[in-house]
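A.B. asks: If you scroll down you'll find the structure; I have some questions about it.
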Amino acid sequence: MSRLSVRFLSSIEPLPYRWVLRPVIVVGTIVMLLADSTTPYVDLSTTAGWILWLAPYLPLLALLFGAVPGVAVWFASYAAIIVLGAPSSAFVGTIFSNVIVVALGTFLLPRRAAIGFACAIPVTMLGAFIRNPASGLALTLVGILALMSAAAGLSLNTFRSRHEQSAERVRDLEREQQRVREEERTRLAYELHDIVAHDVTVIAMQARRAEFVDDAEKTARILDGIGRAAQQTLLDLRSLVALLRDGHDEASVSGDPSNDVTDERDLSRATPSDGQTTSAVGLMHDLDGVIAALTQAGFAVALSVEGETSRIPTSVRHALRRTIRELGTNILKHADPANDVEVVLAVEGEHVTLGSTNSIASGLPVMSSRTGLEAMRARCEVFGGSVEATSEDGRWTTSMSIPLEGLSAVRR
C-alpha cells in the first residue's frame, strides 16, 4: 500500500457513536426492507426484483464498516439500478439511504474526497435520467435531498476540520511554550552558575586556606577576600533577580558604586559580571585577572598566548570570557596547588582554542554538579565548536575550540 493511500485511510473519521448508530441503522434497514416488500412495486419473483429491493439499502449496511465501503456500495447500487432500468419508485426508495449515507459519507471522508463525492451526486442523477427520462421528477427530488444531505455533511466536516486545526495549533503552542520554559530554565541555571558559582568557590577555597594559616595578617586578608566575594555574590544575585522581575538593567540595581571593591587578584572580580567583553584587550585583561587570582591562591600558572587575539569576533570573545572564569573555578576546586597549571589561548588557522591542564588534587573532591562543563558545551555548540574534557596520568585537560567565523559557520 502506497504512502498516499495510508495517509488517506488514516484521515478517514470512524463512525461516531457507533454503538448507538449501528443498531439504529440495522433496525431501520430491516424495517424499511420489510415495508418495501409489501408494496406492489417490489417483485421478488425475479433476480432483478431482488436486486432492486436490496440495492437501496446495501449502502447502509456497508456504512457499518466505514465511510469508504458505504460510499463505494452507494455508487455500485445506483449503477445496478440504472443498468436494470428501474422505475421511478426504485429511485424514491433510495431516499432513506441517500440521506444517511450521503450525510455521513461527506462528514467522515477527508474534505477533498467529501467534496468529490458531493459533486458526483448530480452526475449520477443525470446518468439515471438519461437511462430513464420518465423518472425525471423522482430523480430531481432524490437529487435535491441528497445534495441537502451533502451540504449538511460538508458543513460538519468543515467545522470538525477547523476544530482539529485549532486543537493542533493549541498543542503546538503548548509544546513551544514548554520548549521555551525549558530553555529559560537551562539559561537561568547557566546564568546562576556563572554569576554565583565562581564567587562561592572563591569563598570556599579561601575559607579552607584560613584553617591552616596562623599569621593574623594573612588571615585578615583572607577574611577580607571572603567578605568582598560574598558582597559581590549578593550584588550579582540582586541584579539577576531584578532583571528577571522587571527587566531593569543590572547597573540600576547593582548598589552603591563605592561599595564595589575591586581587586584584580580575586577571581570573583577577575572579569566583569555583566557578561560583556568588547575587545581583544578586554579578553586578555580577563585572562590575566583569572591567572592572577589563581596565583594568589597558591597555584603556579604557565600562560601561553599564541596567534592574533584581535582576530577573535566579539560574540566568540564573549563565550571565551565565560569559559575563562569557568576554567579558573574548576582549577580552584579540583587542582593540586603543588603542581603546575597550564593555560593556553591559541588562534590558529580558522579556529581559536582555549584550554587548561592541571593535576588532580588527591584530597577529598569538591562537590560538583558539572553545570559549568554543560554550560561550556552549550556556548560552544552555538558557534559550531566543541569542548573536550579528559583525564590522563592524574592530569585533567579541558579544551574548547570555536571557529573564528562564529555564528556564520553555523548558518552556512
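The opening position of the sequence shown corresponds to residue 1303 in this note's numbering, with each subsequent residue numbered one higher.
Note that CB positions come from ideal geometry on N, CA and C, so glycine has one too.
(1) Please report the straight-line C-alpha distance between Q1534 and D1501, rounded to a whole angstrom.
(2) Helix, strand or coil, according to DSSP, for T1699 in the structure here?
(3) Can you have a look at V1654 and say buried or exposed, based on whether 16 or more other CB atoms are within 10 angstroms of its CB?
(4) Closest by CA to E1608, which one among K1635, A1648, F1601, E1628?
(5) Could you tell me the boundaries of the beta strand (DSSP E) in which V1603 lies?
(6) Would DSSP call E1315 helix, strand or coil?
(7) Would you give the residue range spanned by the alpha helix (DSSP H) that A1364 belongs to?
(8) Run through DSSP, which three-state label would G1651 get?
(9) Determine which residues share a DSSP beta bridge with S1661 and list them.
(10) Can at least three beta-carbon pairs, one atom from the region 1446-1456 and one from the region 1404-1413, be found at a separation below 8 angstroms?
(11) What are the boundary residues of the alpha helix (DSSP H) that R1433 is part of?
(12) Assuming P1596 contacts I1633 (C-beta within less than 8 angstroms), just tell me the rounded distance between them.
(13) With DSSP as the reference, label E1707 as helix, strand or coil.
(14) Taking the straight line between their C-alpha atoms, what separation do you get for P1378 and G1330?
(15) Taking the C-alpha atoms as reference points, what is the distance between I1423 and G1429?
(16) Please report the distance separating the alpha-carbon of L1386 from that of A1350.
(17) Provide the residue span of the alpha helix (DSSP H) that contains L1441, from first to last.
(18) With 16 as the cutoff for other CB atoms within 10 Å, does I1332 come out buried or exposed?
(19) Could you tell me which of T1616, T1700, T1408, S1688 sits nearest to E1628, measuring between CA atoms?
(20) Using only CA atoms, which one of A1663, N1641, G1651 lies nearest to R1613?
(21) Can you tell me where the alpha helix (DSSP H) with A1582 in it begins and where it stops?
(22) Can you tell me whether Q1480 is buried or exposed, with buried defined as 16 or more other CB within 10 angstroms of its CB?
(23) Hey, how far is the Cα of E1644 from the Cα of Q1467?
(24) Return the first residue and the last residue of the alpha helix (DSSP H) that S1391 is part of.
(25) Exposed or buried, S1710, counting other C-beta atoms within 10 Å across all chains shown (16 or more means buried)?
(26) What residue range does the alpha helix (DSSP H) around I1614 cover?
(27) I think I1524 touches V1515, with their Cβ atoms under 8 angstroms apart; what is that distance to the nearest whole Å?
(28) Excluding sequence positions up to five away, which residues of its chain have a Cβ less than 6 angstroms from the Cβ of L1656?
(29) Using the rule of at least 16 other Cβ atoms within 10 Å of the residue's Cβ for burial, across every protein chain shown, is A1436 buried or exposed?
(30) Let me know the secondary structure DSSP gives T1340 once reduced to three states.
(31) Find out if the Cβ-Cβ distance for the pair I1327, L1362 is shorter than 8 angstroms.
(32) Return helix, strand or coil for A1347, following the three-state DSSP convention.
(33) Starting from the Cα of S1693, find the closest Cα among L1706, V1375, R1679, N1660 and give me that residue.
(34) Assuming the contact rule is C-beta atoms closer than 8 angstroms, S1339 and R1413 should be a hit. Round their C-beta distance to whole Å, please.
(35) Within a Cβ cutoff of 7 angstroms, which residues of the same chain sit near F1601, ignoring the five residues on either side of it in sequence?
(36) Do A1677 and H1495 come within 8 angstroms of each other at the CB atom, strictly closer than that value?
C.D. replies: Taking the coordinates as given:
(1) Answer to the nearest angstrom: the Cα atoms are 8 angstroms apart.
(2) Here T1699 carries a strand assignment [DSSP, helix/strand/coil].
(3) When all chains shown are included, V1654 counts as buried.
(4) Cα-wise, what sits closest to E1608 is A1648.
(5) That run of the beta strand (DSSP E) goes 1603-1608.
(6) Coil at E1315, not helix or strand.
(7) First-last of the alpha helix (DSSP H) with A1364: 1360-1365.
(8) If DSSP states are grouped into helix, strand and coil, G1651 belongs with coil.
(9) Beta-bridge pairing links S1661 to R1697.
(10) In short, these stretches touch, since the Cβ pair count reaches three.
(11) Note, R1433: alpha helix (DSSP H), 1413-1433.
(12) Pro is not the amino acid found at residue 1596; the sequence shown has Leu there. Here L1596 really is in contact with I1633; their C-beta atoms are around 6 angstroms apart, less than 8 angstroms.
(13) Here E1707 sits in coil by DSSP.
(14) At residue 1378 the sequence reads Ala, which differs from the Pro that was named. Rounded to the nearest angstrom, the two C-alpha atoms are 21 angstroms apart.
(15) Those two C-alpha atoms are separated by around 10 angstroms.
(16) Roughly 7 angstroms separates the two Cα atoms.
(17) It spans 1438-1494 - the alpha helix (DSSP H) in which L1441 sits, taken as one unbroken run.
(18) Burial call: exposed.
(19) Residue T1700 is the option with its Cα nearest to E1628.
(20) Between R1613 and the set A1663, N1641, G1651, the nearest pair of CA atoms involves G1651.
(21) Annotation for A1582: the continuous alpha helix (DSSP H) segment containing it runs 1582-1598.
(22) Q1480 is exposed by the Cβ-count criterion.
(23) In a straight line, the C-alpha of E1644 is about 59 angstroms away from that of Q1467.
(24) For S1391, the uninterrupted alpha helix (DSSP H) run begins and ends at 1390-1394, by DSSP.
(25) Residue placement at S1710 is flagged as unreliable, the pLDDT there being 49, under the threshold of 50; a coordinate-derived value is accordingly withheld.
(26) DSSP places I1614 outside any alpha helix (DSSP H), giving it a letter other than H or E.
(27) About 7 angstroms separates the two Cβ atoms, so the contact holds.
(28) Within the same chain, L1656 has close Cβ partners L1622, T1625, L1647, M1702.
(29) Answer is exposed; the Cβ neighbour count stays below 16.
(30) Correct three-state label for T1340: coil.
(31) In terms of Cβ geometry, I1327 and L1362 form a close pair [threshold 8 angstroms].
(32) Just to set this straight, residue 1347 is Ser in the shown sequence, not Ala. The three-state secondary structure of S1347, taken from DSSP, is coil.
(33) The option with the nearest alpha carbon to S1693 is N1660.
(34) By a beta-carbon distance limit of 8 angstroms, S1339 does not contact R1413. Their separation comes to about 39 angstroms.
(35) The residues I1633, A1637, P1639, V1643, in chain order, have a CB closer than 7 angstroms to that of F1601 in the same chain once the five nearest residues on each side in sequence are set aside.
(36) Yes, they are a contact pair.
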